[in-house]
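S.K.:
Number of protein chains: 2
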Amino acid sequence: MSRMAAKDRREELIAAGFRVMIREGVAKATTRAIVNEAEMPLGVFHYCFRSREELLQEILTRFTDSTVIAARRTFEGEGDLGSRITKSLNAFWGTVELRPGEHQVSYELTHYALRQAGFEDLARRQYQRYREVHQELLEEVAEAAGIDWAVPVPVLARYLNSVLDGVTLNWLVDRDSEHSREVLRLTGEHLLTLARERSRQTAQPGPVS
Amino acid sequence: MSRMAAKDRREELIAAGFRVMIREGVAKATTRAIVNEAEMPLGVFHYCFRSREELLQEILTRFTDSTVIAARRTFEGEGDLGSRITKSLNAFWGTVELRPGEHQVSYELTHYALRQAGFEDLARRQYQRYREVHQELLEEVAEAAGIDWAVPVPVLARYLNSVLDGVTLNWLVDRDSEHSREVLRLTGEHLLTLARERSRQTAQPGPVS
DNA sequence: CCGGATGTTGGTCAACCGTCCAAGACGGTG
DNA sequence: CACCGTCTTGGACGGTTGACCAACATCCGG
Chain A
0 MSRMAAKDRR EELIAAGFRV MIREGVAKAT TRAIVNEAEM PLGVFHYCFR SREELLQEIL
60 TRFTDSTVIA ARRTFEGEGD LGSRITKSLN AFWGTVELRP GEHQVSYELT HYALRQAGFE
120 DLARRQYQRY REVHQELLEE VAEAAGIDWA VPVPVLARYL NSVLDGVTLN WLVDRDSEHS
180 REVLRLTGEH LLTLARERSR QTAQPGPVS
Chain B
0 MSRMAAKDRR EELIAAGFRV MIREGVAKAT TRAIVNEAEM PLGVFHYCFR SREELLQEIL
60 TRFTDSTVIA ARRTFEGEGD LGSRITKSLN AFWGTVELRP GEHQVSYELT HYALRQAGFE
120 DLARRQYQRY REVHQELLEE VAEAAGIDWA VPVPVLARYL NSVLDGVTLN WLVDRDSEHS
180 REVLRLTGEH LLTLARERSR QTAQPGPVS
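As they're listed, the protein sequences go chains A and B. The letter at position 198 of the first sequence is residue 197 when you use numbering that gives the first Met the number 0, and the numbering goes up by one with no holes. The letter at position 3 of the second sequence is residue 2 when you use numbering that gives the first Met the number 0, and the numbering goes up by one with no holes.
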């Protein structure tokens with residue numbers, strides 16, 4: 000094998016590991032399967048990683064990061080409240096149907112993490128980040144539209160995260176795209192009914208009085 | 000070991016297997032761990048089951064069955080639309096907080112099934128049954144309250160199933176009971192807004208005209 | 001009380017797993 | 001050129017796993 004920095008080899012192993020997990024599941028992503036996918040000798044693995052667990056952690060955090068970044072990016076557009084919500088939901092759903100395997104692996108890793116001592120925190124942080132992003136986006140779009148939410152934003156964020164998780168999981172099982180999209184549309188409409196014209200309790204500079 | 004019918008031993012192994020899975024996860028529920036939990040010699044296992052997979056299938060279908068039955072039972076009561084919906088959501092949530100492990104195992108088994116060739120059908124049937132039950136219950140309560148749903152019932156059933164799945168999964172990760180209950184309350188209220196007074200297109204015997 | 005059906009048991013098997021290591025190859029620096 | 005940190009590699013280790021089997025025990029109908 001041509002000589003390569005350990006750092007670079009790490010990256011390739013992470014990518015190869017992710018590929019194996021998508022194709023065969025987390026359980027079958029053994030050190031040998033990963034190393035084989037990357038076309039490297041077995042010994043490489045523990046030269047680049049302290050343990051298999053370290054590789055799994057890296058994959059989960061990276062997927063979370065990229066998901067968060069992608070979510071933020073789809074929210075940068077213009078438009079009224081309704082169209083921005085619809086656009087975001089559709090953007091999320093696009094990634095699910097385009098790369099379902101990644102989401103499936105994400106669930107598997109979450110459940111794996113919940114069982115692994117001293118690893119549950121990673122799952123917790125992952126979901127906390129997702130909810131935080133949802134919360135930020137809800138607040139941002141409310142600010143832009145000049146409305147308040149009729150429900151505490153943390154609750155709304157959890158609601159949103161739950162629906163997306165649930166719809167995704169259901170779709171992963173039966174691949175019913177049509178009904179899934181209908182559910183997301185229903186959810187978007189629901190959010191719209193929870194928008195309240197903003198009360199003027201904060202001092203508004205203006206011609207009033 | 001005292002002599003026992005293979006059929007009975009099967010039952011005990013299924014129960015023991017479920018216990019191990021709840022305590023340690025599906026992955027760690029090896030034939031040896033299960034047999035040890037049931038305090039039986041290893042050889043018993045393959046005398047009662049063709050394979051480990053057969054045991055897992057049995058556990059998943061049984062959990063699905065009992066969940067379905069429990070769901071139907073909580074729906075038998077009286078009351079107006081709102082209180083029946085609230086009661087059902089609370090009843091479901093009660094089982095989650097009371098026996099979280101069972102739900103966690105259910106998710107793990109679903110993901111396991113999705114990866115096992117010739118096993119995905121079981122996952123599919125499981126989710127289909129859940130949605131069917133939701134659909135029946137939505138139709139039943141609509142009938143009793145004399146309303147129609149503003150959204151196709153299959154879509155509503157998927158929505159409901161998704162929210163419950165998602166809220167449960169989120170709670171399994173961070174155990175935030177308060178916010179989870181708020182989300183369920185929000186969902187219940189949402190359903191209420193989707194009830195429409197029934198149109199009189201079907202001939203109604205009565206004092207009218 | 002005999003004989004076949006049914007249940008019990010401990011040991012064994014090949015496969016696979018994560019991890020580790022010794023021995024060597026390489027490549028830039030002094 | 002010699003040196004040393006960095007990387008490479010094949011093999012080996014102890015352990016676990018699902019599955020299987022031959023030998024034995026028990027039970028019950030005839």
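Note that the Cβ used here is the ideal one computed from N, Cα and C, for glycine as well.
Would the beta-carbon of E36 of chain A fall within 8 Å of that of R18 of chain A?
M.R.: Contact: yes.
S.K.: Please classify D64 of chain A as buried or exposed, where buried requires at least 16 other C-beta atoms within 10 Å of its C-beta.
M.R.: exposed
S.K.: Could you check which residue in A:S105, A:A5, A:A122 has the C-alpha nearest to that of L113 of chain A?
M.R.: A:A122
S.K.: Let me see if you follow: with CB-CB separation under 8 Å, is V19 of chain B close to chain A or not?
M.R.: no
S.K.: So what does DSSP say about R72 of chain A, is it helix, strand or coil?
M.R.: helix
S.K.: Going by DSSP, what residue range makes up the alpha helix (DSSP H) through E38 of chain B?
M.R.: Premise fails: E38 of chain B is in no alpha helix (DSSP H) and is neither H nor E.
S.K.: For the putative contact between R184 of chain A and A149 of chain A, defined by C-beta atoms under 8 Å, what is the C-beta separation to the nearest angstrom?
M.R.: With 8 Å as the limit, R184 of chain A and A149 of chain A do not qualify as a contact, their Cβ atoms being about 20 Å apart.
S.K.: For H45 of chain B, does the count of other Cβ atoms within 10 angstroms reach 16, so buried, or fall short, so exposed?
M.R.: exposed
S.K.: Below 8 Å between beta carbons: does that hold for S87 of chain A and T73 of chain A?
M.R.: yes
S.K.: Nearest by alpha-carbon distance to E135 of chain B: which of B:L54, B:Q56, B:V67 is it?
M.R.: B:V67
S.K.: What does the alpha-carbon distance come out to for the pair P151 of chain B and S198 of chain B?
M.R.: Each residue's Cα considered, the two are about 15 Å apart.
S.K.: Taking a contact to mean a Cβ-Cβ separation below 8 Å, would you say V162 of chain B touches T186 of chain B in this structure?
M.R.: yes
S.K.: Can you pull the chain B neighbours of G78 of chain A, defined as C-beta to C-beta under 8 Å?
M.R.: Per Cβ cutoff of 8 Å: no residues; G78 of chain A is ~24 Å from chain B at best.
S.K.: Just to confirm, are L190 of chain B and I84 of chain B a CB contact at a threshold of 8 Å?
M.R.: yes
S.K.: Would you mind telling me which residues of chain B sit closer than 7 Å to R123 of chain A, beta carbon to beta carbon, in chain order?
M.R.: Scanning chain B for C-beta atoms nearer than 7 Å to the C-beta of R123 of chain A yields V172, D173, reported in chain order.
S.K.: Strictly under 8 Å for the Cβ-Cβ distance: is T85 of chain B near chain A by that measure?
M.R.: no
S.K.: Around the Cβ of R49 of chain B, are there at least 16 other Cβ atoms within 10 angstroms (buried) or fewer (exposed)?
M.R.: exposed
S.K.: When you compare only the Cα positions, how much space is there between E142 of chain A and R61 of chain A?
M.R.: So the alpha carbons of these two residues sit roughly 30 Å apart.
S.K.: What do you get for D79 of chain A, buried or exposed, if any count of 16 or more other CB atoms within 10 angstroms of its CB means buried?
M.R.: Around the beta carbon of D79 of chain A, fewer than 16 other beta carbons lie within 10 angstroms, which makes this residue exposed.
S.K.: Fully enclosed by the region 40-109 of chain B, which alpha helix (DSSP H) runs are 4 residues long or longer?
M.R.: 44-47, 51-72, 80-97
S.K.: Is the separation between the beta-carbon of L108 of chain B and that of L59 of chain B shorter than 8 Å?
M.R.: Going by C-beta atoms, L108 of chain B is nearer than 8 Å to L59 of chain B.
S.K.: Taking C-alpha atoms, which residue in A:Y106, A:V34, A:E10, A:R8 lies nearest to Y126 of chain A?
M.R.: A:Y106
S.K.: Whose C-beta lies closer than 6 Å to the C-beta of I21 of chain B among residues of the same chain, with five residues either side of it excluded?
M.R.: G100, V104
S.K.: Going by the beta-carbon positions, is the gap between N169 of chain A and Y129 of chain A smaller than 8 Å?
M.R.: no
S.K.: Determine whether the Cβ of E35 of chain A lies closer than 8 Å to any Cβ atom of chain B.
M.R.: The sequence as given places Asn at residue 35 of chain A; Glu does not occur at that position. So, not an interface residue.
S.K.: Give me the Cα-Cα distance between Q111 of chain B and M39 of chain A, rounded to the nearest whole angstrom.
M.R.: Reading off the sequence, residue 111 of chain B comes out as Tyr, not Gln. Rounded to whole angstroms, Y111 of chain B to M39 of chain A spans 28 Å at the Cα level.
S.K.: Could you work out which residue in B:S176, B:E53, B:E10, B:E23 is closest to A116 of chain A when comparing CA atoms only?
M.R.: B:E23
S.K.: Please report the distance separating the alpha-carbon of A14 of chain A from that of A28 of chain A.
M.R.: 12 Å
S.K.: Could you check which residue in A:S179, A:G42, A:T30, A:E188 has the C-alpha nearest to that of A5 of chain A?
M.R.: A:G42
S.K.: At least one CB of chain B closer than 8 Å to the CB of F150 of chain A: is that the case?
M.R.: The sequence shown places Val at residue 150 of chain A, not Phe. Chain B, which has a Cβ nearer than 8 Å to the Cβ of V150 of chain A, makes this yes.
S.K.: I'd like the list of long-range same chain contacts for I146 of chain B, defined as Cβ closer than 7 Å, with 5 residues on each side in sequence excluded.
M.R.: L80, A194, R195, E196, R197
S.K.: Counting only beta-carbon atoms, is E96 of chain B nearer than 8 Å to chain A?
M.R.: No, its Cβ sits nowhere closer than 8 Å to a Cβ of chain A.
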